[in-house]
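Residue 282 in our numbering sits at position 282 of the sequence shown, with consecutive numbering throughout.
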Amino acid sequence: MDFSLTEEHKLIEKAAKDFGFREISPTIKENDAKNYFDKSILKKLGDAGFLGICIPKKYGGQGADYISLGLVCQGLERVDSSLRVIMSVHTGLNSLALLQWGTEEQKKKYLIPQAKGEKIAGFGLTEPNAGSDVMNIQATAKKEGDFYILNGEKTWISLADVADNFLVFAKMGEKVSAFIVERSFKGFSSSSIHGKLGMRAGNTGSISFQDLKVPKENLLGKEGDGIKIALSAIDSGRFTVAAGAVGLIEACLEESVIYAKQREAFGKEIGKHELVQQMIGKMAASLEVGKLLVYKAGWLKNEGMRNTKETSLAKWVNCNNAFDSANDAIQIFGAYGYSNEFNVERYFRNSRGAVIYEGTREIHTILQAEYALGYREDKPLSNPLPAYPSE
Ligand SMILES: Cc1cc2nc3c(=O)[nH]c(=O)nc-3n(C[C@H](O)[C@H](O)[C@H](O)COP(=O)(O)OP(=O)(O)OC[C@H]3O[C@@H](n4cnc5c(N)ncnc54)[C@H](O)[C@@H]3O)c2cc1C
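Here is the structure:
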């Protein structure tokens, strides 16, 4: 068993972290306060090669492995969660689903520009009346000649107002199918959600389809494959969220350690008070546990092995721990932690969302309990994500 990162892994992690500190840190407080999504960051992420990090070179990516994808997410979320969310939807939920399920034509037309960062991608599954209960989605698709006609609304969609392409799920009778939808298609509209608790420097909104004509070539997989596609995409999305949470825990730990050594109370650094140490110790443990869970899930992905259970566990545990770490970080900072003078207040608000999206805490609890009880078992997929390295 080898737990070490390669030199390439270390460079990738450092590059992502440096990118965050260079490109995001100087403006994040202001952007977060103004609920401003800085679109220029998308091109910079693309130019840095992050958006296609684990996409094979022949499809315009960097050809790195899935651990590298995790390290990019970890490095970016060390600075701000909204930056990692871009990776989660563009690369995790959309581009990897195209790699897994797309035809060669679809990969040429959509995956290559997305891997290069020339086009930005989103993922539209959630609806106003259907989140965890995906089978309850109401958006419809009807085949008419060479087109599918889509009607419906998706909400809480990351990058709703900025992505060029979306992977969208709609019902054909009782079955769900997946479609590649371009913003430019007639009948597409989007709007932003305002008043979010966190992720304020990110873009989240709704997308709607009114008699939207999707060419039949844009059906992903076969008719009725939608749920399989959504669940496999979510295996990748959850992995990026789990890895990002490690970055957030790291941020809480590093910044709490600095503060705990500067602030004094009762004649000594607060870091020397045992109850403060308890919080720091818990963060340190969460960081190590988080890395191990992500590396294991990433290794399974590299091997082309089913990782639904391990990825769910990593996402569940790491997002809970990130939220607890941010909560404790505020406690360590005392009243200062309660204002946006320090980052921990933002980490706290941002970390709350990840306990909801990509499977709520309750859904992951149920999944893990069902695996333990033997009510649920993962079988190898007939069409897995390509192992690393893929040709
Ligand atoms: C910042 C942000 C970004 C997002 N980005 C995207 C995106 O890009 N694309 C996308 O498609 N979606 C996105 N989402 C939506 C997200 O995936 C959903 O919010 C999530 O799936 C939960 O669905 P819901 O909010 O409808 O809650 P519901 O499913 O209505 O759940 C409400 C509550 O009931 C609980 N509950 C539900 N079912 C059960 C059960 N069987 N047993 C016990 N408890 C249960 C839940 O755990 C939760 O506590 C985003 C959400 C947020 C907050």
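Ideal Cβ placement from N, Cα and C applies to all residues, glycine included.
Would DSSP call Gly70 helix, strand or coil? By one-based count along the sequence shown, residue 70 stands at place 70. The answer is helix: DSSP assigns Gly70 an H, G or I state.
Any heavy atom of ligand 1 closer than 8 Å to the beta-carbon of Leu96? Within the sequence shown, the letter at position 96 stands for residue 96. No, since every heavy atom of ligand 1 falls outside the 8 Å radius drawn around the Cβ of Leu96.
Determine the DSSP secondary structure at Thr387, reduced to helix, strand or coil. In the sequence shown, counting from the first residue as 1, residue 387 sits at position 387. The sequence as given places Ala at residue 387; Thr does not occur at that position. Correct three-state label for Ala387: coil.
Quick one: Cα of Met135 to Cα of Leu231, how far? To locate residue 135, count along the sequence shown from 1; it is residue 135. To locate residue 231, count along the sequence shown from 1; it is residue 231. Rounded to whole angstroms, Met135 to Leu231 spans 12 Å at the Cα level.
Segment contact, 8 Å Cβ cut-off, at least three pairs: the region 24 to 42 with the region 57 to 70: no
Inspect the beta-carbon positions of Ser40 and Gly198 and report whether they are closer than 9 Å. For the purposes of this step, residue 40 is taken as the residue at position 40 of the sequence shown. For the purposes of this step, residue 198 is taken as the residue at position 198 of the sequence shown. No; because the gap between Cβ atoms is not below 9 Å, this pair is not in contact.
Can the beta-carbon of Leu76 be found closer than 9 Å to that of Leu150? On the sequence shown, residue 76 is found 76 positions in, with the first residue counted as 1. On the sequence shown, residue 150 is found 150 positions in, with the first residue counted as 1. For Leu76 and Leu150, no; Cβs fall outside 9 Å.
As an exercise, report each continuous beta strand (DSSP E) stretch of at least 3 residues that is fully enclosed by the region 224 to 277, in chain order. DSSP runs (the beta strand (DSSP E)) wholly in the region 224 to 277: none.
At the level of alpha carbons, what is the spacing between Thr365 and Tyr375? On the sequence shown, position 365 is the one that residue 365 refers to. On the sequence shown, position 375 is the one that residue 375 refers to. Looking at the two C-alpha atoms, the distance is approximately 13 Å.
For Ala178 versus Leu220, is the C-beta spacing smaller than 9 Å? Walking along the sequence shown from the start, residue 178 turns up at place 178. Walking along the sequence shown from the start, residue 220 turns up at place 220. Yes, the pair counts as a contact, with Cβ atoms nearer than the cut-off.
Quick check: is any heavy atom of ligand 1 less than 8 Å from the C-beta of Val162? Looking up residue 162 in the sequence shown gives position 162. Val162: no, Cβ never under 8 Å from ligand 1.
Report whether the distance from the Cβ of Val241 to the nearest heavy atom of ligand 1 is below 8 Å. Counting from 1 along the sequence shown, the entry for residue 241 is found at position 241. It does not: the Cβ of Val241 is nowhere closer than 8 Å to a heavy atom of ligand 1.
Would you be able to state if there are at least three C-beta pairs under 8 Å between the region 339 to 359 and the region 267 to 284? Touching, no, given that fewer than three Cβ pairs across the two stretches are closer than 8 Å.
Is Asp38 helix, strand or coil when you go by DSSP? Counting from one through the sequence shown, the residue named residue 38 turns up at place 38. Here DSSP, grouped into helix, strand and coil, assigns Asp38 to coil.
Quick one: Cα of Ala16 to Cα of Phe50, how far? Position 16 of the sequence shown, counting from 1, holds the residue named residue 16. Position 50 of the sequence shown, counting from 1, holds the residue named residue 50. Spanning the two alpha carbons is a distance of roughly 8 Å.
Whose C-alpha, out of Glu255, Ala160 and Glu104, is nearest the C-alpha of Thr126? Start at 1 with the first residue of the sequence shown, and residue 126 comes out as number 126. Ranking the options by Cα distance to Thr126, first place goes to Ala160.
Can you say whether Gln100 is buried or exposed, counting buried as having 16 or more other CB atoms within 10 angstroms of its CB? Working through the sequence shown from its first residue, we reach residue 100 at position 100. With 16 or more other Cβ atoms within 10 Å, it is buried.
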